[in-house]
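Student: Protein chains in written order, with my numbering: chain A, 1349 to 1463; chain B, 884 to 993.
My structure is below; once you've seen it, I'll send some questions.
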Amino acid sequence: GAGVSQSPSNKVTEKGKDVELRCDPISGHTALYWYRQSLGQGLEFLIYFQGNSAPDKSGLPSDRFSAERTGGSVSTLTIQRTQQEDSAVYLCASSLRVTGQETQYFGPGTRLLVL
Amino acid sequence: EDQVTQSPEALRLQEGESSSLNCSYTVSGLRGLFWYRQDPGKGPEFLFTLYSAGEEKEKERLKATLTKKESFLHITAPKPEDSATYLCAVQAGGSYIPTFGRGTSLIVHP
């Protein structure tokens, strides 16, 4: 079956512009996660959704970052007034549910470059 | 604070030269330990989930094992196509968020 998909695959933007990153999880997966991966760094947790609600927003690095999920499916991560330090790969993952033991399946990522 | 440490950071092997990657963790109440493979420019690809000490899982040339303090990913007779970064992640306690290690970059020379 189809895996997790993300779009765009690459995004180049100018400092100060807003960007939207999209994630389509595996069908039937109720849990959805966003991570950021910078060069040479590990995966940094940003936010997760159980259904349409986001119980844990603690990983969002600043109030310029926001995310939403509608219909228990597609999620959008929005970065406002982008800064050069926002350049990274943004990864989305989904799992069947949030139990603490569920395997997360990752999408290919969106590579964001802020000039 | 949960900690996940992977070693070595980088490993170079000759084709056919077996070795092991280590993932050590300090967490309370392990729920699951996950191994992923990540190729350049791609998202992590799931390999194994281990839930309890003593558990082992195998897939082709890979075998993952788990103790109360660490996990090993054994690679038997590796091939160049096994070259990738291998990530370990742990879910523990009441958290639904896995803690990832920084990964081991493996290069297998023909």
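Where is the CB? At the ideal position from N, CA and C, for every residue including glycine.
So, with DSSP's three-state summary, where would you put residue 1411/A?
Tutor: Of the three classes helix, strand and coil, the one that applies to residue 1411/A here is coil, per DSSP.
Student: For chain A, is any of its Cβ atoms less than 8 Å away from the one on residue 925/B?
Tutor: For residue 925/B, the answer is yes, since a Cβ of chain A falls inside 8 Å of its Cβ.
Student: The beta strand (DSSP E) with residue 1403/A in it runs from where to where?
Tutor: Segment 1401-1404, the beta strand (DSSP E) holding residue 1403/A.
Student: Under a three-way DSSP split, which group does residue 1354/A fall into?
Tutor: Of the three classes helix, strand and coil, the one that applies to residue 1354/A here is strand, per DSSP.
Student: Listing by chain order, which chain A residues have their CB less than 7 Å from the CB of residue 932/B?
Tutor: 1451, listed in chain order.
Student: Return the residue from the list 910/B, 902/B, 888/B that minimises the CA-CA distance to residue 894/B.
Tutor: Residue 902/B is the option with its Cα nearest to residue 894/B.
Student: Does the beta carbon of residue 895/B sit closer than 8 Å to a beta carbon anywhere in chain A?
Tutor: False, the Cβ-Cβ gap to chain A never drops below 8 Å.
Student: Using the three-state DSSP reduction, which class does residue 1432/A fall into: helix, strand or coil?
Tutor: Of the three classes helix, strand and coil, the one that applies to residue 1432/A here is helix, per DSSP.
Student: Beta carbons nearer than 9 Å to chain A: which residues of the stretch 962-992 of chain B have them?
Tutor: Those residues of the stretch 962-992 of chain B that come within reach of chain A (Cβ to Cβ, closer than 9 Å) are 970, 972, 974, 975, 976, 977, 978, 979, 980, 981, 982, 983, 984, 985, 986.
Student: Buried or exposed: residue 961/B, going by 16 or more other Cβ atoms within 10 Å of its Cβ?
Tutor: That one is buried.
Student: I'd like to check one pair, residue 1383/A with residue 1397/A: are the Cβ atoms closer than 8 Å?
Tutor: Taking 8 Å as the Cβ cut-off, residue 1397/A and residue 1383/A do not qualify as a contacting pair.
Student: Quick check: is the beta carbon of residue 1457/A nearer than 8 Å to any beta carbon in chain B?
Tutor: Yes, because at least one Cβ of chain B sits closer than 8 Å to the Cβ of residue 1457/A.
Student: Could you give the uninterrupted runs of the alpha helix (DSSP H) lying entirely in the stretch 885-937 of chain B, keeping only those of 4 residues or more?
Tutor: Entirely contained in the stretch 885-937 of chain B, not one alpha helix (DSSP H) run reaches 4 residues.
Student: With 16 other CB atoms within 10 Å as the buried threshold, where does residue 1452/A fall?
Tutor: Buried, by the Cβ-count rule.
Student: Beta strand (DSSP E) containing residue 1367/A: first to last residue?
Tutor: That run of the beta strand (DSSP E) goes 1367-1372.
Student: In this structure, what does DSSP give as the bridge partners for residue 1441/A?
Tutor: BP columns for residue 1441/A point to 1381/A, 1454/A.
Student: Spell out whether any CB of chain A is found under 8 Å from the CB atom of residue 955/B.
Tutor: Chain A, which has no Cβ nearer than 8 Å to the Cβ of residue 955/B, makes this no.
Student: Excluding sequence positions up to five away, which residues of its chain have a Cβ less than 8 Å from the Cβ of residue 1419/A?
Tutor: The residues are 1400.
Student: Would you decide whether residue 1455/A is buried or exposed? Buried here means 16 or more other CB atoms lie within 10 Å of its CB.
Tutor: Buried is the call here.
Student: Tell me the DSSP bridge mates of residue 1389/A?
Tutor: Answer is none; residue 1389/A lacks a bridge partner.
Student: First and last residue of the beta strand (DSSP E) that includes residue 939/B?
Tutor: Its beta strand (DSSP E) spans residues 939-942.
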